[in-house]
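Q: Chains A, B and C are the protein sequences, given in the same order. Going left to right, the first sequence walks through residues 1 to 172 as our numbering numbers them. Going left to right, the second sequence walks through residues 173 to 344 as our numbering numbers them. Going left to right, the third sequence walks through residues 345 to 516 as our numbering numbers them.
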Amino acid sequence: MYFGHDTGIAHSIFKLNGFEMELHANIRYTAHRLLCEEELDMIFEYGLSAAREDFYNITRQVREAVAKSAVKDGIAVIFCPHTTAGITINENADPDVTRDLLIGLNKVSPNNPEYRHVEENSPAHLKASLTGSGVTVIIDGGRLVLGTWQGIYFCEFDPPRTRKFFVKVIGV
Amino acid sequence: MYFGHDTGIAHSIFKLNGFEMELHANIRYTAHRLLCEEELDMIFEYGLSAAREDFYNITRQVREAVAKSAVKDGIAVIFCPHTTAGITINENADPDVTRDLLIGLNKVSPNNPEYRHVEENSPAHLKASLTGSGVTVIIDGGRLVLGTWQGIYFCEFDPPRTRKFFVKVIGV
Amino acid sequence: MYFGHDTGIAHSIFKLNGFEMELHANIRYTAHRLLCEEELDMIFEYGLSAAREDFYNITRQVREAVAKSAVKDGIAVIFCPHTTAGITINENADPDVTRDLLIGLNKVSPNNPEYRHVEENSPAHLKASLTGSGVTVIIDGGRLVLGTWQGIYFCEFDPPRTRKFFVKVIGV
């Protein structure tokens, strides 16, 4: 995003002492939104080494992306490009919560003898669709609008894997 | 928001050979987006008193936020800043649907003796991650693009609570 | 992006009657973001004939909408306006995965004698809230940012139905 000066053309025909005159005035104007290359690239990619089935807190990385974007008001889209992992928001305080969530999700999506997928990770695929591939978070005054107890988590359901996720920041 | 061409006035008083001259230069500038102070704060916060586990229809508040924003085309992000509540979209006609959804979710996420979280509300945390913390709805022609039978719901899973939710409106 | 009114300087050197004159014109201008007509209508609607309970791959339609929008960087919001269908992202390679997902979802959300909704499709309503009504995908360099194995799916849970979905493209 670029904030700053730009140049436009003021064009006018006016009369002075009987002379009709055409004016082309170069205008430097501050402000507005110049869409330059930097702005086009407000997508941030992060890597993750997911050794075990777990919820990895990525709130710090998302905050960093928002800070780098310099966007004050808008949204951040956090997206997981994998099909046996997801993104969710849940409690950041007591680690027993994400532990319990994993236990709960394994009850919700257990293995099933009817499954045919050769990789034998269909339960992980279902968990990915249940938690979802991404979340959208509001940015207000340069800060993520998260509740006190909310953290953003990358959910690994088919470890061990080398993973990545994207943060796209959209300013208004 | 304003779309199209507009005309501005360049106004200047300058002196030339002792004549004070006033210049009005017509400037045509193509397009843009009128952004006034109000638009800076296109995040709307709503409170909610959630006495019981239930789906609270918040479609009216979301429509109100969109109307206040004056955004004609864009998206609205509805976000819940709590970890034992969520946002979902489902049927707005027969109240038996949301009643059945609660029964169903309690089957999907029952209590579990293995859970350790001291607040003993891990089933509510799981329901929050299953429904999700937010939804993104399209705005077209100043209206929410919702199906005839769709309503937007705040889902309370750990009552009674005083809750809030946010609506962020993004215009294009 | 620029908010509010601003003042710029029109600066020009021109000649009049042999005098070189320098003009500084103060300009108040509102505005900026260039919005052309095409950009105003970047919502795309697609129909779907959903004969059976299944995951219908709609990635092609979403890519087409992004291409038509000519948006290079931004997001695409894919939204389902129905309450017994959803949108999810999952594996696009082995068709056994979506087959297994349907089996898994039917285990997660089976019928229940306690359900009261007269249409008797409450399990489908619950599946819709579990997968979600929409997904938001990042656009970078004119392309959807999807993982190699990811496809976008319309999930039909209450067939047979004639359905539709929307793709809203937001450029930055």
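For every residue, glycine included, the Cβ atom is placed at its ideal position computed from N, Cα and C.
1. Report yes or no: is there a C-beta of chain B within less than 9 Å of the C-beta of residue 88 (chain A)?
2. Taking only the alpha-carbon atoms, compute the straight-line gap between residue 56 (chain A) and residue 156 (chain A) and give it to the nearest angstrom.
3. Would you say residue 379 (chain C) reaches chain A, if we count a Cβ-Cβ gap shorter than 9 Å as a contact?
4. Give the interface partners of residue 421 (chain C) over in chain D, defined as CB-CB distance under 7 Å, in chain order.
5. Taking the straight line between their C-alpha atoms, what separation do you get for residue 99 (chain A) and residue 134 (chain A)?
6. So for residue 318 (chain B), helix, strand or coil by DSSP?
7. Nearest to residue 319 (chain B) by alpha carbon, out of B:273, B:299 and B:264?
8. Measure from the C-beta of residue 402 (chain C) to each C-beta in chain A and report whether the shortest distance is under 9 Å.
9. Could you give the C-beta distance for residue 510 (chain C) and residue 433 (chain C), rounded to a whole number, given that I count them as a contact under 8 Å?
10. For residue 87 (chain A), name the three-state secondary structure that DSSP assigns.
11. Any chance you could list the alpha helix (DSSP H) runs of at least 4 consecutive residues sitting entirely within the region 258–333 of chain B, in chain order?
12. Could you give the distance in angstroms between the alpha-carbon of residue 232 (chain B) and the alpha-carbon of residue 252 (chain B)?
13. Among A:66, A:171, A:132 and A:119, which residue has its Cα nearest to the Cα of residue 496 (chain C)?
14. In whole angstroms, what separates the C-alpha of residue 224 (chain B) from that of residue 298 (chain B)?
15. Do the CB positions of residue 516 (chain C) and residue 170 (chain A) come within less than 9 Å of each other?
16. The beta strand (DSSP E) spanning residue 330 (chain C) covers which residue range?
17. DSSP on residue 394 (chain C), reduced to helix/strand/coil?
18. Give every residue of the same chain whose Cβ lies closer than 7 Å to the Cβ of residue 508 (chain C), excluding the five residues on either side of it in the sequence, and list them in chain order.
19. Under a three-way DSSP split, which group does residue 173 (chain A) fall into?
20. Taking the alpha carbon of residue 451 (chain C) as the point to measure from, which residue in C:474, C:429, C:461 and C:439 has its own alpha carbon closest?
21. What whole-angstrom Cβ distance do residue 488 (chain C) and residue 420 (chain C) have, given they're in contact under 8 Å?
22. Report the residue from A:168, A:128, A:159 and A:96 whose alpha carbon sits nearest the alpha carbon of residue 431 (chain C).
23. Anything in chain C within Cβ reach of residue 271 (chain B), meaning under 7 Å, just list it in chain order.
24. Which term fits residue 455 (chain C), buried or exposed, when burial requires 16 or more other beta carbons within 10 angstroms of its beta carbon?
25. How many Å lie between residue 234 (chain B) and residue 250 (chain B) at the Cα?
26. Show which residues of chain B have a CB atom less than 7 Å away from the CB atom of residue 131 (chain A).
27. Take residue 428 (chain C) as the anchor and find which of C:480, C:485 and C:464 has the nearest alpha-carbon.
28. Report all residues from its chain with a CB closer than 6 Å to the CB of residue 150 (chain A); omit the five preceding and five following residues, and keep chain order.
29. Give the single residue among C:486, C:485, C:484 and C:447 whose Cα lies nearest to the Cα of residue 467 (chain C).
30. Tell me which same chain residues have a C-beta within less than 8 Å of the C-beta of residue 506 (chain C), skipping the five on either side of it?
31. Does DSSP put residue 172 (chain A) in a helix, a strand or coil?
32. Anything in chain B within Cβ reach of residue 150 (chain A), meaning under 7 Å, just list it in chain order.
33. Going along chain C, which residues have a C-beta under 7 Å from residue 108 (chain A)?
34. Which value, in whole angstroms, describes the spacing of the CA atoms of residue 159 (chain A) and residue 117 (chain A)?
35. Can you look up residue 197 (chain B) in the DSSP assignment and give me helix, strand or coil?
36. Whole-angstrom Cβ separation of residue 486 (chain C) and residue 412 (chain C), contact assumed at under 8 Å?
A: A quick look at the data gives this:
1. yes
2. 8 Å
3. Unreliable positioning characterises residue 379 (chain C) in this predicted model, as indicated by a pLDDT of 39, which lies under 50. A coordinate reading is not provided.
4. Here the protein chains are A, B and C, and chain D is not one of them.
5. 20 Å
6. coil
7. B:264
8. no
9. Contact flag wrong, Cβ pair sits at about 16 Å.
10. strand
11. 267–280 and 294–303
12. 16 Å
13. A:132
14. 18 Å
15. yes
16. Limits of chain C in this structure are 345 at one end and 516 at the other, which puts residue 330 (chain C) out of reach.
17. strand
18. 389, 390, 391, 392 and 425
19. This structure does not reach residue 173 (chain A), given that chain A is present from 1 up to 172, and the question cannot be answered.
20. C:474
21. 7 Å
22. A:128
23. 460
24. exposed
25. 8 Å
26. 301
27. C:464
28. 89
29. C:447
30. 391, 392, 393 and 394
31. coil
32. 253 and 255
33. 452
34. 17 Å
35. Residue placement at residue 197 (chain B) cannot be trusted, given a pLDDT of 41 that sits under 50; what the coordinates show is reported in the next sentence. If DSSP states are grouped into helix, strand and coil, residue 197 (chain B) belongs with the strands.
36. Not quite, the Cβ-Cβ distance comes to about 11 Å (not below 8 Å), so this is no contact.
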